[in-house]
Each structure stands twice: as structure tokens, then as C-alpha cells.
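The numbers in this note's numbering rise by one with no breaks, and the one at position 63 of the sequence shown is 125.
Every residue gets a Cβ at the ideal spot worked out from N, C-alpha and C, and that includes glycine.
Since the structure is predicted, the reported quantities are computational estimates derived from the model, not experimental observations.
To start, the structure itself, in C-alpha cells.
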Amino acid sequence: MPLDPAQRHQIEQDAITAAWEAERLVACDDAIALLREIADLERDDDGDVIIGTDADGHNDLMQRITAFLAANDQ
């Protein structure tokens, strides 16, 4: 039996919502991974995290955080 338009619309909306929720869960997992990495960094005497850079001033962690924020700023 074919679906009526309201049922079809609801199924489409449920699929869109499920896809959005899956994206958000992946983003949360990525954020947790970054936070765990930050938590493992060396700290100074005040307890502040020390984020070092290489000789050229680059820091892979900061670049990944920046990329994460750019991709997930919604």
C-alpha cells in the first residue's frame, strides 16, 4: 500500500533528523578526542596547559582545533 504524502514527509524528516544527529555525534566524539589530548598536555606551575610549537611556530593540535571549530560552528 502506498504511503500518503504526510507519512512520506514524516519519513523524510525522520531521515534528515537521524543524519543530523549522526553528524553531531561524530562531532562530539571528535571534540572529546581533542579534549583528551589537551588534558594529557604538560602543565605549568599554575596548572595551565602548555601548548608548544615547533621551530617554525606551528602546532598540529591548534591547527586541528581550528579546523574542528571551523567545520562545526553551527
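Assuming residue i and residue j are in contact, meaning their beta carbons sit under 8 Å apart, how far apart are those beta carbons, in whole angstroms?
| i | j | result |
| --- | --- | --- |
| L94 | L103 | The sequence shown places Ile at residue 94, not Leu. 15 Å between Cβ atoms; not a contact. |
Going by the DSSP bridge assignment, what does residue i pair with across the sheet?
| i | result |
| --- | --- |
| R105 | V111 |
Leaving aside the five residues before and after residue i along the sequence, list all residues of the same chain whose C-beta is less than 7 Å from its C-beta, in chain order.
| i | result |
| --- | --- |
| L96 | R126, I127 and F130 |
| N134 | A89 |
Give me the Cα-Cα distance between residue i and residue j, rounded to the nearest whole angstrom.
| i | j | result |
| --- | --- | --- |
| A89 | R98 | 14 Å |
| M63 | D76 | 20 Å |
| E85 | D110 | 32 Å |
| I78 | D92 | 21 Å |
| A101 | M124 | 14 Å |
I'd like the list of long-range same chain contacts for residue i, defined as Cβ closer than 8 Å, with 5 residues on each side in sequence excluded.
| i | result |
| --- | --- |
| L73 | A small correction: the amino acid at residue 73 is Ile; Leu does not occupy that position in the sequence shown. Answer for I73: L65, listed in chain order. |
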